[in-house]
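Report on the following structure.
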Amino acid sequence: MKSNYEALPGKPNSLWLATTPTTSFPALQNDLLVDVAIIGGGIVGLTAAALLKEQGKSVAVLEAGRIAEGVSGNTTAKVTSLHTLIYDYLIQHFGHDKAQAYAAANQSAIEQIATLVRDKHIDCEFKRIAAYTYAESEKEVNKVEAEVAAALKLGLPAVLTYETPLPFPIKAAIRFDDQAQFHPRKYLLALARNIHGVGSYIFENTRVTDFSDDDPCFVTTEHGTIKAHAVIVASHFPLNDMAFYSLRLKPHRSYVLAARLAEPVPEGMFITTDSSHTMRYHSGDSGIFLLVGGEGHRVGEGGDTVARYQRIEEWARERFAVESIVYRWATQDNQTLDKLPYVGHYSPTSEHVYVATGFGGWGMTNGTAAAILLRDLILGRENPWAEVYDPNRVNLISLPEFVKHSAKVTKHFVGDRLSVAGSVALGEGKIVETKSGDVALYKAEDGSITALSPACTHMGCFVQWNPAEKSWDCPCHGSRFAADGIVIHGPATKRLEQIET
Ligand SMILES: Cc1cc2nc3c(=O)[nH]c(=O)nc-3n(C[C@H](O)[C@H](O)[C@H](O)COP(=O)(O)OP(=O)(O)OC[C@H]3O[C@@H](n4cnc5c(N)ncnc54)[C@H](O)[C@@H]3O)c2cc1C
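With the sequence shown counted from 1, adding 1023 to any position gets you my numbering.
Below is the structure:
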């Protein structure tokens, strides 16, 4: 029995990873003291490191794998403050001032990226371009109108329009001018080259397993300990869950295709009002592409993930003259319960440990704004965005969501143990029942079997097989493991336990 994996379009790699070299920073070898230890080398970690080093702080970025290969190496890299539909919601739920702080943070992030690109002469295909959220149906038009009105109240560059560069009609759209896009890895690798050296470090293949909140803080890794006066947890999903992030974050996975068209690629960045589909123009050394994304779902609940890629391809072919699909990839981002990221002190009692997470699919600007905010908090400067991003905020809007989300996590803890056995096809994984308990079995193309405990090493939920990525994904908190059980996405820090066959 064969899966339809082979029928998938394109090479399984992101356009960004496929068109940049792999990095080779050293692993940590000796204990070390720095001003700030930063856990994770994505856009948050690397931007925070660059900004702190600029202010004279010594930094050490500790990366479990290779930098800029996590979500930031697999994003669609729209650099915009137009986040589908958010401003009308923010004004209604949090009031004008907080909505304005969020708008200002994200607009400032675009300018921060532009400044770094200019000052550090970064060649990363940075391009000023318009962003659109568009309605395909009449019943969504009032949402577009409300968003334009809200955005204008906050001083954002919003325009209500009925035309876009897309080759199909739309009912209405919000356009933000003077937004941007870039090649995220070319940008981040250039930042990294400026960070490493003169008393600051990037360590790769150095997974952090724990940290303390003292002065100095101790950051424990697989290879040694770093002492630091401040720690930034920029690991995407925060590790070491002292502040219940597991109950406050929902990891959401979605899929991207990079297509070549037999017609001009529309210049712009586009998203539907329900976020079901996203598109972006890209022109670089590797040619001109249309990126098309969508088919999002909670991590571990994707079912037939192969079919998800196929549905995006179908959707794209119905709307564009697709000549070929060159790359395909998937990644995930964390959503918070009230749609605002968590950036600031890690917990209500943290003094020296900071966190940045929960960007809800908009981490290019929110992640950059997070780095600016954390730099300011660490330097003891006032920052007007601190309150709106405060991870320790208590607000009533998130409470019903909190209850729903916790119930879902609990369902996975209990329900997962009841799954039923079945045969395993070549190249596939499955949870099977054995006399000594449930086992996550992977049968490679050559017939060899890997048997693992299906219990996620983060909190014990049962992982699910993801056929398109050939991985074991945890539906509770979004940890992902390769077919052989190695961690490929946290919060888990340990591999799935191996079982003798
Ligand atoms: C399909 C998709 C498309 C998107 N498109 C856009 C877009 O167009 N525009 C936009 O603004 N946002 C977009 N986003 C969101 C954005 O890409 C993310 O919010 C952002 O990249 C997150 O950055 P990060 O630094 O938090 O995480 P990452 O880039 O994942 O970095 C975290 C790093 O921490 C490392 N790490 C994890 N655990 C440990 C540990 N224990 N020790 C050491 N290191 C560790 C990881 O290996 C990783 O390298 C998209 C998201 C998705 C899912």
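We put the CB at the ideal spot given by N, CA and C, even for glycine. Note that the structure is predicted; figures quoted are calculated from it, not measured.
Can you name, in chain order, every residue of its own chain whose Cβ lies under 7 Å from the Cβ of residue i, other than the five neighbours on each side?
| i | result |
| --- | --- |
| Thr-1391 | Ile-1066, Thr-1070, Ala-1132, Gln-1135 and Ile-1136 |
| Thr-1244 | Leu-1051, Leu-1085, Thr-1229, Arg-1230, Val-1231 and Thr-1232 |
| Ser-1037 | Gly-1096, Asn-1097, Tyr-1350 and Trp-1352 |
| Ile-1522 | Val-1462, Ala-1474, Leu-1475 and Ser-1476 |
| His-1144 | none |
| Pro-1490 | Ser-1026, Tyr-1028, Asp-1327, Thr-1328, Val-1329 and Glu-1451 |
| Pro-1180 | Phe-1199, Asp-1200 and Asp-1201 |
With distances taken between CB atoms, is the gap from residue i to residue j smaller than 8 Å?
| i | j | result |
| --- | --- | --- |
| Val-1254 | Phe-1267 | no |
| Leu-1519 | Leu-1475 | yes |
| Cys-1240 | His-1375 | yes |
| Glu-1286 | Ala-1344 | yes |
| Thr-1359 | Thr-1107 | no |
| His-1275 | Gln-1355 | yes |
| Val-1412 | Val-1462 | Before going on, a small fix: residue 1412 reads as Tyr here, not Val. Contact flag unset, no. |
| Leu-1183 | Val-1171 | yes |
| Arg-1151 | Ala-1203 | yes |
| Arg-1334 | Phe-1312 | no |
| Thr-1529 | Pro-1364 | One cannot answer for residue 1529 here, as it falls past the ends of the chain, which runs 1024 to 1524. |
| Ser-1277 | Gly-1326 | no |
| Lys-1176 | Ile-1109 | no |
| Ala-1173 | Asp-1111 | yes |
| Asn-1357 | Leu-1272 | yes |
Strictly by DSSP, which residues pair up with residue i?
| i | result |
| --- | --- |
| Cys-1240 | Ala-1251 |
| Asn-1489 | Ser-1494 |
| Thr-1156 | Ile-1197 and Ile-1294 |
| Trp-1565 | The requested residue 1565 does not occur in the structure, where the chain is confined to residues 1024 to 1524. |
| Gly-1460 | Thr-1457 |
| Ile-1062 | Leu-1085 and Val-1256 |
| Asp-1233 | Thr-1243 |
| His-1368 | Tyr-1377 |
| Thr-1359 | Leu-1272 |
| Ser-1347 | Arg-1283 |
| Gln-1135 | Answer is none; Gln-1135 lacks a bridge partner. |
| Leu-1055 | Ile-1249 |
| Val-1510 | Phe-1504 |
In the DSSP assignment, find the unbroken alpha helix (DSSP H) run with residue i in it and report its ends.
| i | result |
| --- | --- |
| Arg-1331 | 1328–1342 |
| His-1116 | 1110–1117 |
| Ala-1474 | Segment 1472–1475 is the beta strand (DSSP E) holding Ala-1474; no alpha helix (DSSP H) there. |
| Ile-1218 | 1207–1218 |
| Gly-1386 | 1386–1402 |
| Ala-1409 | 1409–1412 |
| Lys-1176 | 1164–1176 |
| Leu-1040 | 1038–1041 |
Start and end of the beta strand (DSSP E) containing residue i?
| i | result |
| --- | --- |
| Met-1302 | 1300–1307 |
| Leu-1183 | 1181–1184 |
| Arg-1518 | Careful: Arg-1518 lies outside any beta strand (DSSP E) and carries neither H nor E. |
| Glu-1318 | 1310–1321 |
| Tyr-1224 | 1224–1226 |
| Ala-1505 | 1503–1505 |
Just checking residue i against ligand 1 - is the residue's beta carbon closer than 7 Å to any of the ligand's heavy atoms?
| i | result |
| --- | --- |
| Gln-1355 | yes |
| Met-1387 | yes |
| Thr-1516 | yes |
| Ser-1081 | no |
| Val-1094 | yes |
| Val-1231 | yes |
| Phe-1551 | Given a span of 1024 to 1524 for the chain in the structure shown, any question on residue 1551 remains unanswerable. |
| Gly-1323 | no |
| Gly-1501 | no |
| Leu-991 | Outside the displayed range of the chain (1024 to 1524) lies residue 991, so it cannot be described from this structure. |
| Val-1067 | yes |
| Ser-1258 | yes |
| Gly-1222 | no |
| Glu-1086 | yes |
| Leu-1262 | yes |
| Thr-1184 | no |
| Ala-1100 | yes |
Leaving out the 5 sequence neighbours to the left and right, which residues in its chain are closer than 6 Å to residue i when beta-carbon positions are compared?
| i | result |
| --- | --- |
| Pro-1207 | Trp-1039, Ser-1095, Thr-1098 and Ala-1100 |
| Lys-1121 | Val-1411 |
| Phe-1406 | In the sequence as displayed, the identity of residue 1406 is Asn instead of Phe. Result list for Asn-1406: Leu-1396 and Asp-1399, in chain order. |
| Ser-1442 | The predicted position of Ser-1442 is uncertain, since its pLDDT is 41 and thus under 50; no value can be drawn from it. |
| Gln-998 | Summary: the structure shown does not reach residue 998, with the chain confined to residues 1024 through 1524, and so no result is reported for it. |
| Lys-1517 | Thr-1480 |
| Gly-1064 | Val-1084, Glu-1086 and Ile-1090 |
| Ile-1249 | Leu-1055, Ala-1060, Ala-1083 and Val-1242 |
Any heavy atom of ligand 3 closer than 7 Å to the Cβ of residue i?
| i | result |
| --- | --- |
| Lys-1150 | By its list of ligands, the structure shown excludes ligand 3, since it contains just ligand 1. |
Spatial neighbours of residue i within its chain, please: C-beta separation below 8 Å, excluding the five flanking residues on both sides.
| i | result |
| --- | --- |
| Ala-1467 | Leu-1449, Gly-1450, Thr-1473 and Ala-1506 |
| Arg-1440 | Reliability of the predicted coordinates at Arg-1440 is poor, the pLDDT of 41 falling under 50, and the value obtained from them is presented with this limitation in mind. The answer, listed in chain order, is Asp-1461 and Phe-1485. |
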